[in-house]
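In the working numbering, the protein residues as written are 117 to 346.
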């Protein structure tokens, strides 16, 4: 990917946006499912009031597809036999059949065509600056707040600290939790940017700078809680 970015990240995605695919999907899929299951275990509001997600920098829809698969598997887990066989392969949780469909809002400035082709619905044409400017629409929940924003293989490309701050700060006002999925430990979010690092194993807050990556085959996942919804 470094070679692809030689002319700039924007140029690469403008050229490849309609055909983009995440080459790490084989690891992204189980990692995201595991993170969703742990979030489900601990977040009572989501279990009681519905699940509203932002798929930020959605690419060709890999995260959306994984969320939908996790939801579908969870609603199909009706017997212990099915549950045990499924859980040996992927991390899922039993979701009540009457639980409302998970609401996913996706955004990407380059890959709208690829996303619609793979997922079947359009995404918002929003970049990180748009998010910083408050253009992310409210969720369909009663309070308009999203339960979780998932940013996959993108936030580390925002290398300007001031732009990274503005994006993260704006997200913290609209989303209760943030899951960053990527190829390494970057970016490091400062507390004053609106997010508290979270330990996925203990489900407790961590001090700034403490490693809290959940890793599957070199794909990293990190949870943060918004300071606005403690």
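Note that beta-carbon positions come from the ideal geometry of N, C-alpha and C, so glycine has one too.
This structure is a prediction, so every number in the text was calculated from the model and none was measured.
query                                                                                                                                  : result
Spatial distance of residue 308 from residue 337 (CA atoms)                                                                            : 21 Å
Separation of residue 231 from residue 171, as counted between CA atoms                                                                : 11 Å
Meets three-Cβ-pair contact criterion under 8 Å: the region 298–313 and the region 270–288                                             : yes
Best match in 252, 292 and 161 for proximity to residue 339 [C-alpha to C-alpha]                                                       : 292
One or two residues paired with residue 321 in a DSSP bridge                                                                           : 314
Simplified DSSP assignment, three categories, for residue 231                                                                          : helix
Sequence-distant residues of its chain with Cβ nearer than 6 Å to residue 243 (five each side left out)                                : 225
Short Cβ contact (8 Å threshold) for residue 335 with residue 313                                                                      : no
Residue 220 versus residue 180: straight-line alpha-carbon distance, rounded                                                           : 7 Å
CA-to-CA distance, residue 289 to residue 341, given in whole angstroms                                                                : 11 Å
C-beta contact flag for residue 73 and residue 330 at 8 Å                                                                              : The chain is shown only over 117 to 346; residue 73 falls outside these bounds and no answer can be derived.
Rounded separation between residue 249 and residue 239 - CA only                                                                       : 18 Å
C-alpha distance - residue 142 paired with residue 279, whole-angstrom precision                                                       : 31 Å
Residue of 261, 282, 262 and 345 minimising C-alpha distance to residue 348                                                            : Because the chain spans 117 through 346 in this model, residue 348 falls outside it and cannot be assessed.
First and last residue of the uninterrupted beta strand (DSSP E) at residue 259                                                        : Element bounds for residue 259: n/a, residue is neither H nor E.
Contacts around residue 154, its chain only, beta-carbon distance under 6 Å, and the 5 residues preceding and following it disregarded : 316
Assigned exposure category for residue 324 - 16 Cβ within 10 Å defines buried                                                          : exposed
Residue 343 and residue 311 closer than 8 Å at C-beta                                                                                  : yes
Spatial distance of residue 246 from residue 252 (CA atoms)                                                                            : 7 Å
Length-filtered (3 minimum) beta strand (DSSP E) runs lying within the region 253–300                                                  : 262–268 and 291–298
Sequence-distant residues of the same chain with beta carbon closer than 6 Å to residue 152, five excluded per side                    : 186
Runs of alpha helix (DSSP H) lying entirely within the region 136–167, each at least 4 residues, in chain order                        : 141–158 and 160–165
Buried versus exposed call for residue 178 [16 or more other C-beta atoms within 10 Å across all chains shown]                         : buried
Range of the contiguous beta strand (DSSP E) that encloses residue 341                                                                 : 335–342
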